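Taking it in order: structure first as structure tokens, then the write-up.
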Amino acid sequence: MIRPATLPLLSVIVFGLCSANADDGLLFNRDIRPLLSENCFACHGPDEHERKAKMRLDVRDGGAFEKRDGITAIIPGQPGESELMFRLTTEDKDEVMPPPKSGKKLKPAEIALIKKWIAAGAEYQGHWSFNKPIKPKVEPGLHPVDHFIDKKLATSSLKPATPAEAHTLIRRISLDLTGILPTPTEVDDFHMAYAKNPTAAIQTTTKRLLTSPRYGERMAAFWLDLVRYADSIGYHSDTNMDVYLYREWVINAFNANQPFDQFTREQIAGDLLPEASVEQKIASGYNRLLQTTEEGGAQAKEYITIYAADRVRNISGAWMGGTLGCAQCHDHKYDPYTSKDFYSMAAFFADIKENAVGKRAPGMPAATGQHKKRIADLDKKIAELTQATMVSSPEIKAAQIQWEQSVASSTKPALGKWHLIGPIPGGDPNKAFNTEFGPEKGINPKAVIAGKKWQERPDLADGKVHVLGSDANSAWYLYRTINASVATQLPLSLGSDDGIRVWLNGQEKLKKNTARGAAPDQEKMTLELRQGINHFLMKIVNHGGGGGFYFRADGNELPLNVVTALKVPSGERSEAQKKEIAQYYLGISPALADARTKIAAAEQEKAGLQKNLPRTLVSVSMKPRDIRILPRGNWLDDSGEIVQPAIPKFLGKLETGDKRATRIDLANWLISAENPMTARTFVNRLWKLFFGNGLAKNVNDLGSQGQWPSHPELLDWLAVEFVASGWNIQHIIELIVTSRAYSQSSHASPGLRERDPLNALLARQSRFRVDAEMVRDNALAFGAILTERLGGRSNKPYQPTGYWRHLNFPARKYAHDGGENQYRRALYTHWQRSFLHPSLLAFDAPSREECTAERPRSNTPLQALVLLNDITYVEAARAFAERIIREGGKDSKSRINWAMRIALSRNGNAQEVKLLGDLQASQQKRYIADEKSAAAFNTVGLRPPPKDIPAVELASWTTIARTILNLHETITRY
Amino acid sequence: MTSADLQINRRSFLNRSGFGIGSVALASLLNNELDAAPGSAEKWTGVIKKPHHPARAKRVIHLCMAGGPSHLETLDYKPELAKMNGKPMPQSFTKGQPIAQLQGQANKLKVLGPQHEFQNFGKSGQHISSILPQIGSVADDIAIVRSMVTEQINHDPAHTFMNTGTQISGRPSMGSWLLYGLGAEAEDLPGYVVLTSVGGGQNQPIAARQWHSGFLPSRFQGVPFHAKGDPVLYVTNPKGVSTDDQRSVVNTVNALNGIHNKTADDPEIAARIAQYEMAFKMQASVPGLMDVSKEPQHVLDLYGAKPGDGSFASNCLLARRLAERGVRFIQLYHRGWDHHGGIKNASKNTANLVDRGSAALVKDLKERGMLEDTLIIWGGEFGRTPMAQGNGRDHHIKGFSMWMAGGGIKGGTSHGATDELGYNSVQDIVHVRDLHATLLHLFGIDCRQFSHKFQGLDFRLTGVKPAHVIKPILA
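Chains A and B, in that order, give the protein sequences. Using the numbering used here, read the first sequence as starting at 37 and increasing by one per residue. Using the numbering used here, read the second sequence as starting at 912 and increasing by one per residue.
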């Protein structure tokens, strides 16, 4: 059915458009697909349940080209005969498309484009981001980034901006690569190098910054948003979870420039890799970062579903730049993801062991960082000492001969009678244990302690548990002599109720305060006895109930082979026998007692460390749960089919034979040459870090509804280059940062702003307020109070009282950290999902409940209140002021310029210096008149004010520092 | 113009510029988007420039009865339930239904009769529990909905559902939607304010996501005000810094930003300057706003408020003061309705804490002529089971009650009903999304035409399923 009446109007518009675009061609993916997707796909797209008239427009063979009831929606080359054109243009409310109730409407120019497309043959293309990227050619000698940007600019009337000023550029590079502003020296150095050779200066600086540990921290902040890293479980009670070693792993991975394919594999399936290292298991903590619940009354079955969906949303968002998560209840409306694809993706993670509801089981103990280093040191020490105890010497040999002679008679040391004093009250278990009541310093038989005297107790026979009394929080001392005919060893088995300390010859050999009942073998130790009388002292501390002890000396029983060898007269022993004796003697030689004690101590420390290692949530694989398709996402509905792990059907099939596909297979597919999405998604996000926007603006959706990239060829070139370089992240970063486009000025004239408000053409750099973390880190850096220590536990900076008042189960009080932990980079801030730290939140840090690819960049009064009044910034300003006073010179002008060089990398102009100078002078006056206020101002925060700077001077300069911290320029990346 | 229109305009604009037309005529259409993303020197006036139909309400006061008040002890009178007290709960009701803490007791469920008497109140004779006599006294001003249903049975997700229409985190709350759509009159206050109080039951946690702006720009998120400590985070000067000192700093910051702008030529700087002014104004105005001690005694008595006590009653009075100053969305959480045990006394205790304040708000606003354009919503994230959990009740999502007043609501009406035991909503069922549609409707917004693009999709407060305005309760 043709209604030619509508045609004349259209042709006018079409004519207008065609003439303007004669040389630009028409691309389905760029020009037509977005229109169809936005306006038609919801009913004529991939979702077969919602599909109307069995017609889909997202693919060529969806029925639009077939004649049905004499009507064909699209007839290539004949827009006038195509029903689609009639439906788009008719005035009839019942026939017009899109239907008015959808709220969608195509503009005349858009309809004209569709018409032009049909006229030109109605060519379809697969959605661009689902097509494998192909690397366009770049002439040798050209910088690939600039090549594509210039090519695009050439088609507009725009020219690239002039290069940014050197100080702006070094600030930009430093912030983008490390999140920390350059020092004045770094700025000066760059100035000089840049004047000589701009390209070389940028290259050198980039290389320098990429090797800074700060680089990994900066990149980690970006990645942790995507994978929704946090320190709390998220739902309801929002209790803590320990997975900070994963964060440390991410930082290390970036710093080591770990290839992105390996980076991917270790996070998704590190636990499944052959002979997985501790680090790889830590990386697999990725699968545990989701939100979980401990809410009483939560149904396990429901939460299993919620967790599965959470994981699909994240893998799809973080790696595929897509919205597969939208197919939970129905087939995707715009992209060819089906509901089955969604549940098949969920099935990859069905093997993750976890409680559906309730406390997370404590994670895997892992030695990394300081722990790892200490354990390695101890191992080395043990090895060295052990080596030393294997080597004999003339002295040892001489002593051995003596010993051989003495063992011929008897080696059994003689144990004297027990002497006991106590109970001695100590107040509490710790005091009773730690207080030296006297015997430690030497045995005085006449001593009276707390009214008690020493008693001889021959009745306390060895090898039995003895009750001493039931006095709580009290101590007893037991003393006896041990007479050894030769220096030798005496193994002991001890027990105590409760705490125990042991001294031999005045040296402490054992110290353990624990609560228990006495039993044999609770403590095993070997005494190194000297020849003659040895003094053995034992302290038993009772916490409550009955107190007592156990003592047994195991004697010095020689091994049979040694006894046999010793029985042979020394001149007649075989070489083997001599060796046996010598070896045995080395093991008990008093000359080596010190080394043996040290070994024992090192081993004890190592055992202690290993017992108290930090724990981190990791993936542990178990028999996979059944994953069903849930009709309309309803977890109570068990009617859906059980699915196996699989990638989205339209993207292919994993070849795993008859074996169930695993997370390794998923990871390998994500980083395979077949996968069109992963590399594009990642380089697009890298681009955003250095230009403020992605080449495809929707960094969270490269699907049908995402915008066509501003520079599709460049995006594809980078994506292919990324893979070809071995997924080398720093290689792509260097390419971007060394481009002319990167180093151009971000200044936009009003004309350019109007012409290209979103900076899609890149005829300038972008400018934007820095991320929340950088706002804090730099404020601390100005005052040189930033603690730079990589990795480790999360920290708690100052936070307003009562901010956690709504948390419960359990109710929690926030206690901020003291010492250097107070001043760590914001990346390490304790990330409480339900109540993210309010000053980070004010600057748009995400709660990390979901994958965040794009933080908003707001500009709000709350940000002003944070910078003006948060203790962190007031204290940072004072630390900054201290430096201004100490390092900035004597007069006000030089101090102001010094401060501006620190914060803004430039000197102030006359107006600026005057404004700040006047403010300082008036503040000086004001605080002279009110020294009490100056003193109060100077004591905000934990850091004590310096004694050598007058309070008024410090306060007045703190005001100047505060002012500078609040400047727009300070927190803006230009 | 809806945001969807904006998106289309922008898309067409970008497409044109991609073609090299170089048209600038459409650039102004981008302003809204550009304004919304970063800050703006201009006051936000919303993306809905012209209402879809005449608005009835200008502001919302949401009295959130957090924890899940039992409809059976408050607003839904069930004589049949009383007769069945102590008898086994018929399995026809409960089979295959989700339950929370009563999991695993499906065969032992017993009916718990209403624990309080109900009375007829007002000319309309609305049935309201005797533990809410003050609310009863405004019965002719309120519309009671007795057929609510929700989809989430645990507190945290149920609140998220009530606020955002979905259980998935990261979506905007209704207050953020409203602010995004319409802006707020308030000059020196946030457009969306949250106040909380406790008492009467276990204090279930409330996450900040309940008032978060989700994927909308963060300027639209709710700002919590506190009766104790800093009334707003960071609103108090550092110690040793006077108002004059702060003024000098803000003046100098703004002057320096102005100087910088001469060379930087950056619209964001104008916005920054405006935000510092606004911050300073907030510092000046908030403490006065939060100090209710100068309210006349009869007003304090009306609410039962004692200045600075942090009670729900005081928060109701603060809500009125915020409403007067042009705040668009005021949300009060009273965390005290989770009565798994001892519901008889506990529900009475909690009711005592909220009854007078809630009613006073209706009366006070009415007296000031503000009730007609202030929408009050009273209710929890779900209701409670007709079945006993010991001597309390478990969470329940298949039927519960709320009431609304003012802002285009017809007083003295009842809408919908649950079955004879108060288990299932059976008549004129109102889903949470219908509540959202009604809320938007009263502000002149058609929920279908009010969307925001995120991850390529048009997100609506009411989601993808059809939502219906509750017409019978509209005035």
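Where a beta carbon is used, it is the ideal one built from N, C-alpha and C, also for glycine. Just so we're clear, the structure is a prediction, and the values are computed from it rather than from any experiment.
For this session: Excluding the 5 residues preceding and the 5 following A:P295 in the sequence, name in chain order all residues of the same chain whose CB lies nearer than 7 Å to its CB.
Result: Counting only Cβ-Cβ distances below 7 Å, and skipping sequence neighbours, we find G762, W763 and N764.
For this session: Check whether the stretch 1085-1092 of chain B touches the stretch 1231-1241 of chain B, taking contact to mean three or more Cβ pairs, one atom from each stretch, closer than 8 Å.
Result: A contact exists between the stretch 1085-1092 of chain B and the stretch 1231-1241 of chain B.
Exercise. Just to confirm, are B:A1181 and A:P897 a CB contact at a threshold of 7 Å?
Worked result: no
Problem set entry | Residues near A:Q741 by beta carbon distance below 6 Å, same chain, minus five either side | S73 and Y370
For this session: Give, in chain order, every residue of the stretch 1127-1150 of chain B whose Cβ lies closer than 8 Å to some Cβ of chain A.
Result: P1128, S1129, R1130, V1134, H1137, K1139, G1140, D1141, V1143, L1144, Y1145, V1146, T1147, N1148, P1149 and K1150
Exercise. Count the other CB atoms within 10 Å of the CB of A:D415; is the residue buried (16 or more) or exposed (fewer)?
Worked result: exposed
Exercise. Touching or not, the stretch 394-403 of chain A and the stretch 637-656 of chain A, by the rule of three or more beta carbon pairs under 8 Å?
Worked result: A contact is defined here as three or more CB-CB pairs under 8 Å, and the stretch 394-403 of chain A meets this definition with respect to the stretch 637-656 of chain A.
Exercise. In three-state DSSP terms, what is A:V604?
Worked result: coil
Exercise. Going straight from the alpha carbon of A:F384 to that of A:R699, what length do you get?
Worked result: 6 Å
Problem set entry | 4-residue-minimum alpha helix (DSSP H) runs that sit fully inside the stretch 215-243 of chain A, ordered along the chain | 220-232
Exercise. Does any C-beta atom of chain B lie closer than 7 Å to the C-beta of A:A58?
Worked result: For A:A58, the predicted model reports a pLDDT of 33, less than 50, meaning its position is unreliable; a value from the coordinates is still stated below. No, A:A58 lies away from the interface with chain B (no Cβ there is under 7 Å from its Cβ).
Exercise. Does the separation of the CB atoms of B:T1349 and B:R970 fall below 7 Å?
Worked result: no
Exercise. Who are the near neighbours of A:A847 in its chain, counting only those whose CB is closer than 7 Å to its CB and skipping five residues on each side?
Worked result: none
For this session: Under 8 Å Cβ to Cβ from A:A697, same chain only, skipping five residues before and after it: list those, please.
Result: F384, Q680, P681, A682 and L690
Exercise. Secondary structure at A:S428, three-state DSSP: helix, strand or coil?
Worked result: coil
Exercise. So A:G113 and A:A155 are in contact, right, with Cβ under 8 Å, and what is the actual spacing, rounded?
Worked result: 6 Å
Problem set entry | Proximal residues to A:S428 (C-beta, below 7 Å), its chain only, five neighbours per side dropped | A618 and L622
Problem set entry | Contact set between A:D274 and chain B, taken where Cβ atoms lie within less than 8 Å | P1116 and A1118
Exercise. Excluding the five sequence neighbours on either side, which residues of its own chain have a C-beta within less than 8 Å of the C-beta of A:L142, listed in chain order?
Worked result: L71, N75, L124, P134 and I150
Exercise. In the structure shown, what three-state DSSP assignment does B:I1384 receive?
Worked result: helix
Exercise. How about A:F572: is its C-beta nearer than 7 Å to some C-beta of chain B?
Worked result: So no, A:F572 is outside the interface.
For this session: Tell me whether A:P833 is buried or exposed, calling it buried when 16 or more other Cβ atoms sit within 10 Å of its Cβ.
Result: The Cβ neighbour count for A:P833, taken over all protein chains shown within 10 Å, is at least 16; the residue is labelled buried.
Exercise. To the nearest angstrom, how far is it from the Cα of A:G644 to the Cα of A:G357?
Worked result: 45 Å
Exercise. So, is A:G333 buried or exposed, given that buried needs 16 or more other C-beta atoms within 10 angstroms?
Worked result: If you draw a 10 Å sphere on the C-beta of A:G333, you find 16 or more other C-beta atoms in it, and that means buried.
Problem set entry | Bridge partners - A:E86, DSSP secondary structure assignment | According to DSSP, which records beta bridges pairwise, A:E86 is partnered with nothing at all.
For this session: Whole angstroms is fine: what's the gap from B:L1385's alpha carbon to A:K187's?
Result: 60 Å
Exercise. If you follow the beta strand (DSSP E) that A:W512 is part of, which residue opens it and which one closes it?
Worked result: S510 to A520
Exercise. Of all Cβ atoms in chain A, is any one closer than 7 Å to the Cβ of B:I1170?
Worked result: yes
Exercise. Using the C-alpha atoms, what's the distance from A:M810 back to A:D853?
Worked result: Taking the straight line from one Cα to the other gives about 20 Å.
For this session: Could you tell me whether any Cβ in chain A is nearer than 7 Å to the Cβ of B:W1248?
Result: no
Problem set entry | The alpha helix (DSSP H) enclosing A:P461, as first and last residue numbers | Looking at the DSSP string, A:P461 is not in any alpha helix (DSSP H); the run it does join, the beta strand (DSSP E), is H455 to P461.
Exercise. For a contact meaning CB atoms closer than 8 Å, what does A:C362 contact in chain B?
Worked result: Q1366 and L1368
Exercise. Going straight from the alpha carbon of B:A938 to that of A:P793, what length do you get?
Worked result: Residue confidence is low: B:A938 scores 30 on pLDDT, short of 50, so the model does not pin down where it sits. No coordinate-derived value is stated.
Exercise. Does the distance from the CB of A:G584 to the CB of A:V503 come in under 7 Å?
Worked result: yes
Exercise. For a contact meaning CB atoms closer than 8 Å, what does A:A991 contact in chain B?
Worked result: Identification of chain B residues near A:A991 by a Cβ-Cβ cut-off of 8 Å yields G1151, ordered along the chain.
Exercise. Could you give the distance in angstroms between the alpha-carbon of B:G1387 and the alpha-carbon of B:T1296?
Worked result: Because chain B is modelled from 912 through 1386, residue 1387 of chain B falls outside the range shown and cannot be assessed.
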